[in-house]
Amino acid sequence: MQRIQKNQKFTVDIIDTNNLGHGVCKIDNFAVFVKNGVEGDRCNIKIIKLLKNYALAVCEELVNPSPYRITPVCPYKRCGGCVFQHVSFEYENLLKKRYIESSLKKAGITDVTVSDTLYADNKDTAYRNKAQYPLSLDKDGNIKAGFYAQHTHDVIPCDSCAIAPSVFSDIVKTLTDFFTKEHFSVYNEETRKGLLRHIYLRIAEMTGEIMVCIVINGDEIPHKNELVSLITTQFPNVRTVCLNVNKKETNVVLSDKNIVIYGDGYIEDVLCGKHFRISPLSFYQVNRSCAELLYNTAKKLLSKDYKKVLDLYCGVGTVGICVASDSEKLIGVEIVPEAIEDAKKNALLNSLDNCEFYCADASDIAKLAPKCDSIIVDPPRKGITKAVIEFIADASPKKVVYISCDPDTLIRDIAIFAEYGYKTDKITPVNMFPRTSHVESVVCLTQSCKST
47 MQRIQKNQKF TVDIIDTNNL GHGVCKIDNF AVFVKNGVEG DRCNIKIIKL
97 LKNYALAVCE ELVNPSPYRI TPVCPYKRCG GCVFQHVSFE YENLLKKRYI
147 ESSLKKAGIT DVTVSDTLYA DNKDTAYRNK AQYPLSLDKD GNIKAGFYAQ
197 HTHDVIPCDS CAIAPSVFSD IVKTLTDFFT KEHFSVYNEE TRKGLLRHIY
247 LRIAEMTGEI MVCIVINGDE IPHKNELVSL ITTQFPNVRT VCLNVNKKET
297 NVVLSDKNIV IYGDGYIEDV LCGKHFRISP LSFYQVNRSC AELLYNTAKK
347 LLSKDYKKVL DLYCGVGTVG ICVASDSEKL IGVEIVPEAI EDAKKNALLN
397 SLDNCEFYCA DASDIAKLAP KCDSIIVDPP RKGITKAVIE FIADASPKKV
447 VYISCDPDTL IRDIAIFAEY GYKTDKITPV NMFPRTSHVE SVVCLTQSCK
497 ST
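Heads up: take any position in the sequence shown, counting from 1, add 46, and you land on the working numbering.
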């Protein structure tokens with residue numbers, strides 16, 4: 047067997063594309079991952095890193111390009127967020143289905159199929175309704191916004207982002223020009239000094255309302271009246287301007303303290319025919335069109351046969367209100383107090399009198415809904431703890447509709463649910479985050495038998 051060495055060069059055929067956007071090839075049966083390689087490529091590569099079980103390489107020349115390959119619309123290479131910008135959208139959707147299939151296979155689950163990936167038509171660009179831009183100084187001392195280079199906190203200046211609406215770029219430029227003109231200081235992670243940390247923008251797709259939130263390492267911002275006048279004059283759709291006060295030594299972008307300096311502190315959007323108020327800390331899916339696909343799929347899985355629905359990890363009530371607000375009773379549970387207050391307001395906004403929301407840990411469901419017909423769960427990326435799954439099983443709902451943003455934790459939890467008599471036969475992927483490695487999924491777990 048040939049011993050592969052760093053800096054060695056080879057001509058290879060790419061046989062697969064992984065979920066990080068790397069091409070996969072074999073050299074003497076040794077796995078090599080080629081940055082930006084695509085299944086079907088024939089290319090000349092150079093080994094840049096050698097590990098025990100695999101190697102990393104870069105493509106130095108395309109000999110024959112893959113039929114799945116396209117020219118990226120984004121010129122920024124170091125950001126690393128859009129790992130699939132060099133492949134066709136159709137092929138990306140196939141890869142996300144394959145990723146889930148591969149995860150099922152690794153987990154030894156053979157009785158669950160994966161449907162074709164759902165996606166929004168013509169929505170692989172400009173789909174994000176939220177963006178966070180870290181700030182830095184360029185070599186001339188001008189304030190620039192951009193994104194972190196992959197695996198670092200080095201800010202790569204970015205004049206426009208292909209997956210964000212163009213108005214975001216216009217607002218960011220207006221703000222950074224103003225900050226530079228008024229000699230604002232920029233936060234330095236090493237010294238922990240400087241005022242400006244991030245620009246955080248949200249837009250409501252259906253109403254057009256825009257939120258501008260400036261994350262600061264302080265309690266106040268200078269020239270705030272001039273700033274508000276400038277931004278609202280140039281961008282009339284800006285409904286509110288907020289400051290998020292984050293003085294912590296942390297990589298977390300937002301703190302829990304917001305100061306409203308213009309407007310009401312929220313914007314309003316319409317999702318699945320329901321109205322929602324979105325504040326700076328509200329969870330709201332970044333891709334509204336795909337969120338409708340996801341929630342409508344969840345609603346079909348839930349069906350209309352269930353009268354009492356429990357919505358765990360309910361956030362501001364978006365999932366439950368969209369999916370189950372026509373049930374006799376909807377009970378939402380969320381551990382964040384501010385989210386529960388927003389959920390109650392959203393129920394009122396939609397004239398719903400059948401909704402109750404509680405600030406509690408998910409494991410408290412045994413006290414809140416022991417006789418629920420069905421449960422909706424939309425947990426964070428880490429999934430559901432086994433203790434919460436046990437609580438769900440003890441509550442004995444007929445159905446559990448599980449919305450997931452991480453296939454690996456979803457599949458782990460499916461296996462645990464099966465131990466308690468809850469099984470599924472299909473996972474439906476939804477491409478909520480086109481061009482990135484992430485994929486949303488939804489399954490319906492049905493009570494087939496009681497575990498012994």
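A virtual CB, placed ideally from N, CA and C, is assigned to each residue, including glycine.
| query | result |
| --- | --- |
| Looking only at its own chain, which residues have a Cβ that is under 7 Å from the Cβ of residue 457, when we skip the five neighbours before and after it? | 149, 150, 153 and 155 |
| Would you call residue 466 buried or exposed, if buried means 16 or more other Cβ atoms sit within 10 Å of its Cβ? | buried |
| Return the CA-CA distance between residue 301 and residue 442, expressed in angstroms with no decimal places. | 37 Å |
| How many angstroms separate the CA atom of residue 115 from the CA atom of residue 493? | 44 Å |
| Report the partner residues of residue 78 according to the DSSP bridge assignment. | 71 and 101 |
| Just verifying my parser: in three-state terms, what is the DSSP assignment at residue 182? | strand |
| For residue 394, tell me which candidate among 459, 109, 408 and 321 has the shortest Cα-Cα distance. | 321 |
| Below 8 Å between beta carbons: does that hold for residue 248 and residue 185? | no |
| Between the alpha carbons of residue 135 and residue 480, how many angstroms are there, rounded? | 8 Å |
| Using CA coordinates, which residue listed in 89, 142 and 336 is at the minimum distance from residue 482? | 142 |
| Can you check which of these residues, 323, 178 and 448, is closest to residue 253 by C-alpha distance? | 323 |
| Determine the burial state of residue 181: buried for a count of at least 16 other Cβ atoms within 10 Å of its Cβ, exposed for fewer. | buried |
| Straight-line CA distance for residue 497 to residue 425? | With a pLDDT of 46 at residue 497, under the threshold of 50, the modelled position of this residue cannot be trusted; read the value that follows with caution. Those two C-alpha atoms are separated by around 24 Å. |
| Quick check on the burial criterion: 16 or more other C-beta atoms within 10 angstroms. Buried or exposed for residue 94? | exposed |
| Would a C-beta distance cut-off of 8 Å place residue 72 and residue 61 closer than the cut-off? | yes |
| Could you give the C-beta distance for residue 398 and residue 373, rounded to a whole number, given that I count them as a contact under 8 Å? | Not quite, the Cβ-Cβ distance comes to about 10 Å (not below 8 Å), so this is no contact. |
| Give the secondary structure of residue 123 by DSSP, where H, G and I count as helix, E and B as strand, and everything else as coil. | coil |
| Under DSSP, the alpha helix (DSSP H) around residue 474 begins and ends at which residues? | Premise fails: residue 474 lies in the beta strand (DSSP E), 472 to 476, not in any alpha helix (DSSP H). |
| Between which two residues does the beta strand (DSSP E) harbouring residue 445 extend? | 445 to 450 |
| On the DSSP letters alone, give me the boundaries of the alpha helix (DSSP H) that residue 204 sits inside. | Premise fails: residue 204 is in no alpha helix (DSSP H) and is neither H nor E. |
| Is there contact between the region 282 to 290 and the region 261 to 274, where contact requires at least three CB pairs shorter than 8 Å? | yes |
| For residue 35, which residues of its own chain have a beta-carbon under 7 Å away from its beta-carbon, when the five flanking residues on both sides are left out? | Lying before the first or after the last residue shown, residue 35 is absent from the chain, which here runs from 47 to 498. |
| Hey, residue 380 and residue 401: beta-carbon distance below 8 Å or not? | no |
| From residue 84 to residue 344, what distance separates their C-alpha atoms? | 33 Å |
| How is residue 51 classed by DSSP in three states: helix, strand or coil? | coil |
| Exposed or buried, what is residue 234 when buried is set at 16 or more other beta-carbons lying within 10 Å of its beta-carbon? | exposed |
| Pick from 57, 318, 327 and 348: whose alpha carbon is nearest that of residue 336? | 318 |
| Taking the continuous beta strand (DSSP E) assigned at residue 378, which residues delimit it? | 375 to 380 |
| With distances taken Cα to Cα, identify the nearest neighbour of residue 307 among 341, 339, 348 and 261. | 261 |
| Fully enclosed by the region 318 to 349, which alpha helix (DSSP H) runs are 4 residues long or longer? | 334 to 348 |
| Looking only at its own chain, which residues have a Cβ that is under 6 Å from the Cβ of residue 47, when we skip the five neighbours before and after it? | The predicted position of residue 47 is uncertain, since its pLDDT is 47 and thus under 50; a value taken from the coordinates is nonetheless stated next. For residue 47, where only same-chain residues beyond five positions count, the Cβ hits under 6 Å are 74. |
| If we ignore side chains and look at the alpha-carbon of each, how far apart do residue 137 and residue 66 end up? | 14 Å |
| Give me the residue from 472, 447, 429 and 470 with the minimum Cα distance to residue 454. | 429 |
| Do the region 384 to 393 and the region 347 to 365 meet, that is, are 3 or more Cβ pairs less than 8 Å apart? | yes |
| For the alpha helix (DSSP H) that residue 280 lies in, which residues bound it at each end? | 270 to 280 |
| Is the region 186 to 203 touching the region 158 to 171 in the sense that three or more CB pairs, one from each, lie closer than 8 Å? | no |
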